[in-house]
Amino acid sequence: MTYRLIGDSCTDLDENLKKDENIKIVPLTLEIGDYQVIDDEKFDQKDFIKRMAESKIGPKSACPSPDAFKEALECDTDMAFIVTLSEHLSGSYQSAEIGKKLYEEEHEKKDILVLSSRSASAGQYRLMLELDKLCKEGLSFEEISKRMIKLRDEMKTYFVLESLDTLRKNGRLSAVSAFIASALNIKPIMGAVDGVIVKKDQQRGMQKALAKMVELAISEAGENTSEKIVCITHINNEERGESVAKLFRDSN
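Note that my numbering has the sequence shown beginning at 28, numbered continuously upward.
Shown next as structure tokens:
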């Protein structure tokens, strides 16, 4: 069966998936005050991070429009799968659902699954990686959908915040709390529970925080951890990403 895989632009992809013609990415729009930029292949991440650091206003994002998702579905395939940011983090999931309905109003039936990752970034990549594998194996739409929902429900997401400035600027953390955390070098370890971001732990110093994050991930992974797939993403910090990978490898 022919297929198309669609993700919003928070979906991290490896080089092989980026080259896959069956995969289509629908961009979000990112904002800092009056400055707007589309999160597409031309997006300069380093410049945006610099603007974030210099701005007194926190960044915002605007999800892709339903028409953008509808356009991504405009293809001659038997089935399509859309993976989005958690519905608790963005309107991307709701927009994709509307885009699906708009497409179905104008076209003959195509099997389409819209799947909230209940995660972001690495979580979306993990789902896209599995979708690519299952579609290439030639499984039915029903079987792929069943397996993907199960994987999504079992998947765990963790991350460590380098700085609390963005939370402070967006009003999600008081200036006093942010100052104390910064002064004490406290790094919160965050996770996702049913798509909602929660604090799992905190440590003083980045290395201790990363080690604790890996410890939490392994403890929640259950048995047969050697059979689990770990996806690691970073923001312009490959060295730190490699250090996290080493922590996982050394734990076995």
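C-beta atoms are modelled at their ideal positions from N, C-alpha and C, and glycine is treated no differently.
{"Asked": "Where does residue 79 sit, in a helix, a strand or coil, going by DSSP?", "Found": "helix"}
{"Asked": "Taking the straight line between their C-alpha atoms, what separation do you get for residue 277 and residue 267?", "Found": "15 Å"}
{"Asked": "Sort out for me which residues DSSP pairs residue 231 with in a bridge.", "Found": "213"}
{"Asked": "For the region 125–173, which segments carrying the beta strand (DSSP E) assignment without a break, of at least 3 residues, lie completely within its bounds, in sequence order?", "Found": "138–143"}
{"Asked": "Which word fits residue 211, buried or exposed, when buried means at least 16 other C-beta atoms lie within 10 angstroms of its C-beta?", "Found": "exposed"}
{"Asked": "Excluding sequence positions up to five away, which residues of its chain have a Cβ less than 6 Å from the Cβ of residue 197?", "Found": "85"}
{"Asked": "Cα separation between residue 237 and residue 137?", "Found": "43 Å"}
{"Asked": "Is the beta carbon of residue 141 less than 8 Å from the beta carbon of residue 109?", "Found": "yes"}
{"Asked": "What first and last residue would you give for the alpha helix (DSSP H) that runs through residue 274?", "Found": "265–278"}
{"Asked": "Taking all protein chains shown into account, do 16 or more other C-beta atoms lie within 10 angstroms of the C-beta of residue 71, making it buried, or fewer, making it exposed?", "Found": "exposed"}
{"Asked": "Of all the options 76, 150 and 129, which has the alpha carbon lying nearest to the alpha carbon of residue 40?", "Found": "150"}
{"Asked": "Following the continuous beta strand (DSSP E) through residue 71, name the residue where it begins and the one where it ends.", "Found": "Per DSSP, residue 71 belongs to no beta strand (DSSP E) and is neither H nor E."}
{"Asked": "Measure from the alpha carbon of residue 38 to the alpha carbon of each residue in 30, 162, 68 and 165, then state which is nearest.", "Found": "68"}
{"Asked": "Closest to residue 29 by C-alpha separation, out of 104, 220 and 225, would be which residue?", "Found": "104"}
{"Asked": "Tell whether a beta-carbon distance below 8 Å holds between residue 152 and residue 252.", "Found": "no"}
{"Asked": "According to DSSP, which residues form a beta bridge with residue 181?", "Found": "Its beta-bridge partners do not exist; DSSP assigns none."}
{"Asked": "Measure the C-alpha to C-alpha separation of residue 102 and residue 31 and round it to an integer number of angstroms.", "Found": "8 Å"}
{"Asked": "Which value, in whole angstroms, describes the spacing of the CA atoms of residue 113 and residue 220?", "Found": "10 Å"}
{"Asked": "What do you reckon, are the CB atoms on residue 122 and residue 162 nearer than 8 Å?", "Found": "no"}
{"Asked": "Contact check, residue 73 vs residue 279 under 8 Å by CB: the rounded distance?", "Found": "Actually they are not in contact, since the Cβ atoms of residue 73 and residue 279 sit about 34 Å apart, beyond 8 Å."}
{"Asked": "Just to confirm the assignment, what range does the alpha helix (DSSP H) spanning residue 45 have?", "Found": "42–46"}
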